[in-house]
Amino acid sequence: MKCRVLLVVLSFATVAAQAQLDPLRNVSGTTPNPGESPWVTSSSGGWTVFHGFDAHATHVGESGPDNPRSDTFSTNWFAAGVEKNFGTRGFVLARGRVSLEPYTVPEEGYPELLQYVSAEGGGPTVGRMRAHDFWGEAAVQLGFRPSASTLLSVYAAAVGDPALGAAPAELRMSGVDFANAPFAYDLQETTHDSTRVVTAGFGTRWLTLEASVFHDAVTSGRHTSIEDGDIDSQSARVTLTPSPNVALQVSRGQLGDANERTVTSASITYGVPKVAVTALWTRREQKDSLSALAPQTAYSVELALRGTRNTFLARAEWVDRPSGFPVIVNDLAVERTTHATAGYIFDLVARPTFRFGVGVNADYHTQSHELPAEYGHKPQSVYAFVRVRSGRL
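First residue of the sequence shown? That's 0 in numbering that gives the first Met the number 0, and the numbers climb one at a time after it.
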């Protein structure tokens, strides 16, 4: 009897380990979403084809400023790939992702009150959010399993995501349904479209160790080109997975030829079909040739509650901005800002692999009385949208 129980436990542990190490759980680079694979898949003869997508058609209106803006735009992405298994030990996976935002978002960016993107993040923009790059990922990953519960892998990408930080906001379970970008975008999200990325990793059921080298790419203008260059950056990440539905990561990267920027990140993510939560902390330290600039820190908590047709969204952010923002940008000092976003979506179509719905996001900002008079009382943006996406995210 004891032997049977032990065999059942070992069998369960092996299956759990294989699920944890499944490369189809990765949404960008080698970064997974907790839980099941986020992709819509079909398999035949050892090959698995997969895809995922999200698109918001959004109208934004403002209240508060002397000259409130309104605009219509679309944020979107489409990803697809193929995986080939070689027995139970090896695999090769290819994945690509594109976004049409360079053509569906104005060149100057869509209106987002009190948003800030630095030149290093693809700006500079103030009060607007830039389009994502057309090329989000073009990558290949090779893997070998020395045992049923361990994985050695190498990831290489012309454009891709190094081992630094959590999954991109637009791809993670807690963030995919928001119509507008997080206000911590400049600190938390700008390395996800790097170039010449190479990541080596070793993973077990509980722990994954990774190291990357890459080029810290920055695009501008329409964001349709690939900003290529020599490898000038490196990062390392440790990820703990105490259960298939929980991931904790700590990572650090040195960016640029002279390591002029250091980014440190820590996060915890929980994901099941009904609930997704991400808590993310990021700190960026930067220096120029003459002096050290003030470190900037961002904290954020993101929540998505999903029913059969109803989705409730919430995000709170505490973000350091250059002193004097939004009128004068002085990187030698920083000021803490606080932002909140709440949202709701009703899905008219709610299938396991496809969702179509209508929704709204609204922003709220504290310390608004400290803003210049032209921002008015309690400046706010409201985003009304139609959203369509694959149903597994």
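Backbone N, C-alpha and C define an ideal beta-carbon position, used for all residues, glycine too.
Nothing here was measured: the structure is a model prediction, and the numbers come from that model.
Test item: CB-CB of residue i and residue j under 7 Å
i	j	result
D53	Y109	no
N32	G342	no
G358	L347	no
S152	R204	no
Q253	T261	yes
R129	V116	yes
T40	T47	yes
R354	R388	yes
E316	S299	yes
G51	A78	yes
T57	A178	yes
R305	T340	no
P37	L392	yes
A165	L279	yes
A157	E188	no
T277	R171	yes
P234	L163	It should be noted that the sequence gives Ser, not Pro, for residue 234. Their beta carbons are under 7 Å apart, which means S234 touches L163 by this criterion.
D227	G135	no
V212	L141	no
Y374	V59	no
Neighbour-count burial assignment, residue i, 16 or more Cβ in a 10 Å radius
i	result
L239	exposed
R350	exposed
D229	exposed
E106	exposed
D176	buried
H338	buried
D256	exposed
E369	exposed
A12	Because A12 carries a pLDDT of 42, less than 50, the predicted location of this residue cannot be relied on, and no value is offered for it.
P272	exposed
G220	exposed
F143	exposed
F85	exposed
G202	buried
T223	exposed
G242	One point to set straight first is that residue 242 is Ser, not Gly, in the sequence displayed. Exposed, since its Cβ has fewer than 16 Cβ neighbours within 10 Å.
G45	exposed
L5	Here L5 scores only 41 on pLDDT, less than 50, and its place in the model should not be relied on; the value that follows carries that caveat. That one is exposed.
L20	buried
P22	buried
N66	exposed
S415	This structure cannot speak to residue 415, because the chain is shown only from 0 to 392.
Helix, strand or coil at residue i [DSSP, three-state]
i	result
H368	helix
E284	strand
A118	helix
T103	helix
D185	helix
R24	helix
H222	coil
G34	coil
A93	strand
F384	strand
E169	coil
V276	strand
T29	coil
T240	strand
A235	strand
S389	strand
L112	strand
Span of the beta strand (DSSP E), counted from its first residue to its last, around residue i
i	result
Y154	T149 to G159
D70	S69 to F85
V59	W46 to S62
I267	R260 to G270
G228	Premise fails: G228 is in no beta strand (DSSP E) and is neither H nor E.
S397	Within the shown structure, residues of the chain are numbered from 0 to 392, placing residue 397 beyond reach of any answer.
R320	N309 to S322
L206	L206 to H214
A297	Q295 to R305
V245	V245 to L254
T40	V39 to S43
F143	W134 to F143
G126	T124 to M128
Endpoints, the alpha helix (DSSP H) within which residue i is located
i	result
Y374	Here Y374 belongs to no alpha helix (DSSP H), and DSSP marks it neither H nor E.
Residue i beta carbon near the ligand HEM (any heavy atom closer than 6 Å)
i	result
P181	For the structure depicted, the ligand HEM is absent and the ligand set is empty, with no information on it obtainable.
Interface flag, residue i vs chain B, CB-CB below 7 Å
i	result
L163	Absence of chain B from the displayed structure is noted, only one protein chain being present.
Scan the segment 325 to 365 and note each continuous beta strand (DSSP E) run of 3 residues or more that stays entirely inside, going in chain order. 329 to 350 and 353 to 364
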